[in-house]
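In the working numbering, the protein residues as written are 272 to 418.
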């Protein structure tokens, strides 16, 4: 659960796979958890858990350790966009039980119907304001993923 002042504000589901322990069967270990985890692991890592992208390989802290995949992240924001999601992700990533067990984290954001800006029935100013609000919220939510 995601708690704000002791009250439930959302929930999450995540998988943590130890790349070092999985070794040459890293993709199989991910597939044993879920096909979605296996798919994202194939994008980011080779079959033995080595990093595929130079941007990740350039960061020595990402060479070893676990892969944390945040599968579901849901925050109930009744008052519009807040920092609740970003603060919750930061708390998860810095949780003492896992902080030293992961070196690469990933989350695939899902679209929200309430953020639809494609409607032709709204005026350009309202549409621009909605887009700006969405971009601001996305930027704030991305910050906790920077280490």
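For glycine and all other residues, C-beta sits at the position ideal for the given N, C-alpha and C.
Quick caveat, the model's predicted, so the values are computed rather than measured.
If distances are taken between C-alpha atoms only, which option among the options comes closest to residue i?
i: residue 360; options: 374, 300, 345; result: 345
i: residue 300; options: 278, 332, 338; result: 338
i: residue 371; options: 335, 302, 326; result: 335
Let me confirm a value: residue i is counted as buried when at least 16 other C-beta atoms fall within 10 Å, else exposed. Which label applies?
i: residue 312; result: buried
i: residue 284; result: exposed
i: residue 298; result: buried
i: residue 368; result: exposed
i: residue 324; result: exposed
i: residue 333; result: buried
i: residue 380; result: exposed
i: residue 403; result: exposed
i: residue 273; result: buried
i: residue 290; result: buried
i: residue 282; result: exposed
i: residue 326; result: exposed
i: residue 378; result: buried
i: residue 277; result: exposed
Could you round the C-beta distance between residue i and residue j to whole angstroms and report it? I think they count as a contact, below 8 Å.
i: residue 376; j: residue 341; result: 7 Å
Using 8 Å as the threshold, is the C-beta distance between residue i and residue j below it?
i: residue 239; j: residue 287; result: The shown model of the chain, from 272 to 418, leaves out residue 239, and the question about it has no answer.
i: residue 280; j: residue 397; result: no
Assign residue i to one of three DSSP states: helix, strand, or coil.
i: residue 305; result: coil
i: residue 310; result: helix
i: residue 374; result: strand
i: residue 286; result: strand
i: residue 396; result: helix
i: residue 339; result: strand
i: residue 380; result: coil
I'd like to confirm something about residue i: is its beta-carbon nearer than 7 Å to some heavy atom of the ligand NAD, or not?
i: residue 406; result: Among the ligands in the structure shown, none appear at all, so the ligand NAD cannot be discussed.
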